[in-house]
Amino acid sequence: MDIVHDGGTAMRKGSSIVLLAWLIILMAAPPSARPQQGSVSAVNPPHASPADPGARDDSRAGAGAEAVEKLERDFNEALAAVEANHADGGRMDYTSVFKSAINGMLQSLDPHSKFYDAEDYREWVAHQRFQYCGIGATIGYRGVGERVNTYVIDTFQDSPASRANLRYGDRILEVDGLAAPDKYSNEVRERIRGRCGSVVRLKVERAATGRADSVEITREVMHQPSVPDAYLVRPGVGYVLMNGGFVFTTPDELQAALRFLKERGATSYIIDLRDNRGGHVYEAIRVADMFLPRGQVILSLKGRIGGLSHTYAAANAAPDLSPLVVLINRNTASASEIVVGALQDHDRALVVGENSFGKGLVQNFAVLNEGLGLNITIARYYTPSGRSIQRDYTSVGYYDYLNPSGAAPPEGSSGQERQAGTPARTDSGRAVYGGGGIRPDVAVAPRLVTPEQQRLMDSIFLFTRELVNGRVEGLGAYKIQRPIDYGHLLQPTDFPVGEEVYQSYKRYVTTQAALGVGAARLDEERDFILRRLRYEIVTASYGTVTAMQALESDDPQLKRAIEEIPRAGEFALSFARRYNLH
26 MDIVHDGGTA MRKGSSIVLL AWLIILMAAP PSARPQQGSV SAVNPPHASP
76 ADPGARDDSR AGAGAEAVEK LERDFNEALA AVEANHADGG RMDYTSVFKS
126 AINGMLQSLD PHSKFYDAED YREWVAHQRF QYCGIGATIG YRGVGERVNT
176 YVIDTFQDSP ASRANLRYGD RILEVDGLAA PDKYSNEVRE RIRGRCGSVV
226 RLKVERAATG RADSVEITRE VMHQPSVPDA YLVRPGVGYV LMNGGFVFTT
276 PDELQAALRF LKERGATSYI IDLRDNRGGH VYEAIRVADM FLPRGQVILS
326 LKGRIGGLSH TYAAANAAPD LSPLVVLINR NTASASEIVV GALQDHDRAL
376 VVGENSFGKG LVQNFAVLNE GLGLNITIAR YYTPSGRSIQ RDYTSVGYYD
426 YLNPSGAAPP EGSSGQERQA GTPARTDSGR AVYGGGGIRP DVAVAPRLVT
476 PEQQRLMDSI FLFTRELVNG RVEGLGAYKI QRPIDYGHLL QPTDFPVGEE
526 VYQSYKRYVT TQAALGVGAA RLDEERDFIL RRLRYEIVTA SYGTVTAMQA
576 LESDDPQLKR AIEEIPRAGE FALSFARRYN LH
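Okay, so the sequence shown: first residue is 26 according to the working numbering, each after it adds one.
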């Protein structure tokens, strides 16, 4: 949810920190101390009236102004001392200093409030729309010893990169005349992206021929789907990959995916919200509304600004009552947790996986002058049972909070046993707990890639690059001489990888000392290597989205979700009976 705030007069560099600090303090101060300027709220009634508890109190507003004046004096004194005495004070980057000061102040309040300079703000807007201006290609960094190169992994359907005939394994040598850095870096990606309609000039080494080509590609708006894949994972069981966040198109994308699966015989669904970092709250409400009948609470907001607290309920007269399993992990956050919390509290879906991230705070975005912005926490949200799932951020560092260890409950447990405190209750009376994310009904640890396996992935890619371009003797059936076949439903007969391919890979690796891998180590990781080889081959043929299907057999959480479909059916039947739905 966004609040658009007009900061007023243009800001000078020397006073930016003071004016921005003033705005932050006012937004964090009691409502009575805040001036009622022109704001647009996407939450509820826009402003408190004079009769409201949040009406202006001039005496308290004066106290706030005095605090701001003191802050200005203290900051200017500290800045002058740094300029005069610090070893590098004479070449201080004021923009960086101001940005760090503001974000340091915000992080003392909570880890999700943030200041955006002009460049950050443009990226934030693009992220919220899940779009950017670029060529529509996935690139990756692969290394041999100390050397790292940048390669094309795949291209998007109907994208400029696809039309320029970029293929899997093409090596990017230059971007606009600048050599690609010989290191792991996002620098190449940032150079390739730019203003829509502008031209980027790439020099690439073609994987198929080894020839260096120069290509000019016009950047376009690239939309990233929030529901990138849907297929039958088993007869009658539809799988929906939903890891692209919550944007304005998400509900429609999900509806289209469900229709697609139903037409192919799906009668139950697995919705995969793993690694879904969230997005717009209202789109999460619309998604939950698809599966809940009219009147059932989806979430409640509680904020201290007048008119902000509100309860949102479903409005669907004919919800989908199909058996439903939802997959979550430690990167399931924010708007995703709203959906999961509502479905779990109403016993509408069975939740499988790991504890979710635990973000129960709501931010509104204030747009300032000169393309700057502030994302400010203005409320907490609560699931239908009344629990806050916000993880504690007062006793951990900023980095540790954003990168939780994600220790899971015992394998196969209900996920709730080790929680302390008074439980909330689902509609059927099951105990659920707040404070620390959504606990799955069935806890299943993920299959993690070990550091040793991670080191093998570069050599697997480099071997596959040779394989799909027909340069591995005796394995011509794996040569791919066409563009990506998008939307392919992977079959077991597509590019099977067995002993012959493994032995060829083994010979390739052990004859290249720079890769630093011994034969004994390869044999220990044989199963992993076979899976990753097929994944890379499928990527070259059908793209990265379809290639995820090749890893299904090594996904214990998805396997367990499939096994739990009968139990999800019991949940769905009990749910329909409880609310007299047919």
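Built from N, CA and C at the ideal position, the CB exists for glycine as well.
I need the boundaries of the beta strand (DSSP E) containing residue i, first residue and last residue.
i      : result
Thr336 : His335 to Ala338
Lys139 : Lys139 to Tyr141
Arg259 : Asp254 to Arg259
Met482 : It is not in any beta strand (DSSP E) - Met482 instead sits in the alpha helix (DSSP H) that spans Pro476 to Leu492.
Tyr176 : Arg172 to Thr180
Gly378 : Leu375 to Gly378
Lys504 : Counting along the chain, Lys504 falls outside any beta strand (DSSP E), and DSSP gives it neither H nor E.
Ile323 : Val322 to Lys327
Ala391 : Leu386 to Val392
Look up residue i in the DSSP assignment and give the residues it is bridged to.
i      : result
Ala204 : Glu199
Thr294 : Checking the sequence, you will find Tyr at residue 294 rather than Thr. DSSP, once it has assigned bridges, lists Gly263 and Leu349 as partnering Tyr294.
His248 : Gln156
Asp238 : Val229
Gly168 : Val173
Val469 : None, per the DSSP bridge assignment.
Met450 : One detail in the question is off: residue 450 reads as Arg in this sequence, not Met. Ala456, per the DSSP bridge assignment.
Gly161 : Its beta-bridge partners do not exist; DSSP assigns none.
Gly304 : Phe271
Gln280 : The partner list for Gln280 (beta bridge, DSSP) is empty, contrary to what the question assumes.
Pro318 : Asn341
Val522 : In the DSSP output, where bridge partners are listed per residue, Val522 has none listed.
Val224 : Thr243
By a C-beta neighbour count over all protein chains shown, 10 Å radius and 16 as the cutoff for buried, is residue i buried or exposed?
i      : result
Ala204 : exposed
Ser293 : buried
Tyr426 : buried
Gln182 : exposed
Val376 : buried
Ser74  : Residue placement at Ser74 cannot be trusted, given a pLDDT of 33 that sits under 50; the coordinates are not used to answer.
Ala572 : buried
Val522 : buried
His607 : exposed
Leu473 : exposed
Gln479 : exposed
Gly32  : Because Gly32 carries a pLDDT of 33, less than 50, the predicted location of this residue cannot be relied on, and no value is offered for it.
Tyr418 : buried
Met267 : buried
Val365 : buried
Gly440 : With a pLDDT of 48 at Gly440, under the threshold of 50, the predicted position of this residue should be treated as unreliable, though the coordinate-derived value follows. Under this definition Gly440 is a buried residue.
His137 : buried
Leu514 : exposed
Arg244 : buried
Ser413 : buried
Leu45  : No answer about Leu45 holds up, because its pLDDT of 49 lies below 50 and its placement is not dependable.
Gln234 : For clarity, residue 234 is Thr in the given sequence; the question names Gln instead. Classification for Thr234: exposed.
Ser125 : exposed
Counting only beta-carbon separations shorter than 7 Å, does residue i have a partner in chain C?
i      : result
Arg490 : Although the question refers to chain C, the structure presented lacks it and comprises just one protein chain.
Span of the alpha helix (DSSP H) holding residue i?
i      : result
Asn400 : Per DSSP, Asn400 belongs to no alpha helix (DSSP H); it is in the beta strand (DSSP E), Gly398 to Tyr407.
Val213 : Glu212 to Ile217
Ala112 : Per DSSP, Ala112 belongs to no alpha helix (DSSP H) and is neither H nor E.
Comparing alpha-carbon positions, which option in the options lies nearest residue i?
i      : options                           : result
Asn400 : Val387, Pro409 and Gly411         : Val387
Thr163 : Thr569, Leu257, Ile127 and Asp345 : Thr569
Asp238 : Gln249, Glu199, Arg220 and Arg214 : Glu199
Tyr141 : Asp579, Leu257, Val392 and Arg355 : Val392
Leu500 : Ile509, Arg490 and Pro508         : Arg490
Ile160 : Arg147, Gln574, Glu148 and Leu191 : Leu191
Asn211 : Gly411, Lys228 and Asn174         : Asn174
Asp23  : Asn101, Ala106 and Tyr209         : Outside the shown range of the chain (26 to 607) lies residue 23, about which nothing can therefore be said.
Ser223 : Glu241, Leu104 and Ala105         : Glu241
Asp370 : Ser359, Phe390 and Asp466         : Asp466
Glu215 : Gln537, Asp145 and Phe486         : Asp145
Tyr193 : Arg546, Ile505, Lys95 and Ala90   : Ile505
Phe273 : Ile295, Gln249 and Arg507         : Gln249
Gln511 : Val563, Ile554 and Asp552         : Sequence inspection shows Tyr at residue 511; the Gln mentioned does not correspond to that position. Nearest option by C-alpha distance: Val563.
Asn380 : Gly398, Pro429 and Ser347         : Pro429
Thr408 : Val421, Asn394, Arg416 and Gly385 : Gly385
Would you mind giving the Cβ-Cβ distance between residue i and residue j, rounded to the nearest angstrom? I have them listed as a contact below 8 Å.
i      : j      : result
Ala662 : Ile363 : Given that the chain is displayed from residue 26 to residue 607, the structure contains no residue 662 and the question cannot be resolved.
Val306 : Glu278 : 17 Å between Cβ atoms; not a contact.
Leu576 : Arg556 : 6 Å
Leu317 : Arg373 : 6 Å
Asp201 : Val177 : Asp201 to Val177, Cβ: 17 Å. No contact.
Phe271 : Gly303 : 6 Å
Tyr166 : Arg218 : The pair is not a contact, with the Cβ atoms about 16 Å apart (cut-off 8 Å).
Could you check whether the Cβ of residue i sits closer than 6 Å to any heavy atom belonging to the ligand NAP?
i      : result
Ala470 : The ligand content of the structure shown is nil, which means the ligand NAP is not present either.
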